[in-house]
Amino acid sequence: KKSPQSELSKLHRYIRPFWGQRRLRDITAGEIEKFAADLRSTLRPATINRLLALLSKICSLAVRAEWINHSPMTHVRYLKENNVRYRTLSATEIPLFIAAAEALNTPAADAILLALYTGMRIGEVCTLKWEYWHPDAQQLLLPDTKSGHPFTCPLANPAVAIIQRQAQLALSTTWIFPRLTDATRQLSYPRETFARICRDAGIENLRMHDLRRTFASRVLQTTSDIAMASRLLNHHSLTATRRFAFLIAADTQSVVAQVVDTFK
35 KKSPQSELSK LHRYIRPFWG QRRLRDITAG EIEKFAADLR STLRPATINR
85 LLALLSKICS LAVRAEWINH SPMTHVRYLK ENNVRYRTLS ATEIPLFIAA
135 AEALNTPAAD AILLALYTGM RIGEVCTLKW EYWHPDAQQL LLPDTKSGHP
185 FTCPLANPAV AIIQRQAQLA LSTTWIFPRL TDATRQLSYP RETFARICRD
235 AGIENLRMHD LRRTFASRVL QTTSDIAMAS RLLNHHSLTA TRRFAFLIAA
285 DTQSVVAQVV DTFK
């Protein structure tokens, strides 16, 4: 992984509290499957599967180190996932979300706003360094991303204002969004700040990744250009971007109506 932040969060929140006092050689596949089943009331199958994948990696490393003879994850079944999600911020919710974030006036809230204004993954935003910022071109140049290649992220004026605000604060010489408690470290996943923004804005059923989906929806609604959306989202291929195809339903409906009109 280019950034272990998400995995470390899962490790500390779920795996260590439950398994931390157990010896790996004593853990069975049945116990792991029960662990996964008990989490279904609070976590999505996709999240549970990420926890299982993390456990699998831990066990594989233990086998390689010859601490155990075999991995208990060998016979564990992963859960069936349904990752289709259509939630985006509506036209009325966007200004409410922005106002609530600006009212907090914290680096974490600004990082979340930058994710909305650019479509970047929140993990990429949290790990932004000042060396990535090119003020003359008003863009960020990320040298290494999830897609495996550099990404040039153009910034609109509100996004530029956020970067400039962090520069004025001068909290860190390395990170654009450092931790308030330790400026030598990057911002941790702003889960609590995001929840507060949603609460203050009166917005429900919103996840952090829905900000990226919202940005994608606006690109597609503005341009109807899936290739442009793919570039701005830094997708490796159009296949990933096609998941947002439902967002141009209005345009396709108009085309269908025009075609049918020719039948008359």
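Reminder that position 145 of the sequence shown reads as 179 in our numbering, one-by-one numbering, no gaps. C-beta atoms are modelled at their ideal positions from N, C-alpha and C, and glycine is treated no differently.
Straight-line spacing of the CA atoms in phenylalanine 249 and leucine 150 works out to 6 Å. When rounded, the separation of the alpha-carbon atoms in leucine 162 and glutamine 198 is 14 Å. DSSP places lysine 68 within a helical segment (H, G or I) once states are collapsed to three.
Glutamate 67 and proline 224 have their C-alpha atoms some 30 Å from each other. DSSP places proline 188 in the uninterrupted beta strand (DSSP E) bounded by 185-188. Secondary structure in the stretch 84-120: no alpha helix (DSSP H) run of 4 residues or longer lies completely within the stretch. Counted as a single uninterrupted DSSP element, the stretch harbouring leucine 42 is not any beta strand (DSSP E) but the alpha helix (DSSP H) occupying residues 39-44.
Per DSSP, glutamine 55 has no beta-bridge partner at all. Shown here, proline 129 sits in a helix according to DSSP, grouped into three states. For glutamine 200, the uninterrupted alpha helix (DSSP H) run begins and ends at 191-203, by DSSP. Under the 10 Å beta carbon count, glutamine 202 is surrounded by fewer than 16 other beta carbons and is classified as exposed.
With fewer than 16 other CB atoms across the displayed protein chains lying within 10 angstroms of its CB, tyrosine 120 is exposed. Residues Ala143 and Leu147 of the same chain have their beta carbon placed closer than 8 Å to that of glutamate 136, with the five preceding and five following residues left out of the count.
Glutamine 220 is a Cβ neighbour of cysteine 160, given a cutoff of 7 Å. Within the model, the alpha-carbon separation for lysine 114 versus alanine 70 is close to 12 Å. Cα atoms of tryptophan 164 and isoleucine 210: separation of roughly 6 Å, rounded to the nearest angstrom. Taking the CA atoms as reference points, histidine 243 sits about 8 Å from isoleucine 156. Threonine 256 has its alpha-carbon roughly 27 Å from the corresponding atom of glycine 236. Closest in C-alpha terms to tryptophan 101, from the list Leu73, Arg59 and Ile128, comes Arg59. About 6 Å separates the Cβ atoms of alanine 193 and threonine 152, confirming a contact at the 8 Å cut-off. Taking 3 residues as the shortest admissible run, the stretch 148-183 contains the following complete beta strand (DSSP E) segments, listed from N- to C-terminal end: 173-176. Counting the other CB atoms within 10 Å of its CB gives leucine 254 a total of 16 or more, which places it among the buried residues.
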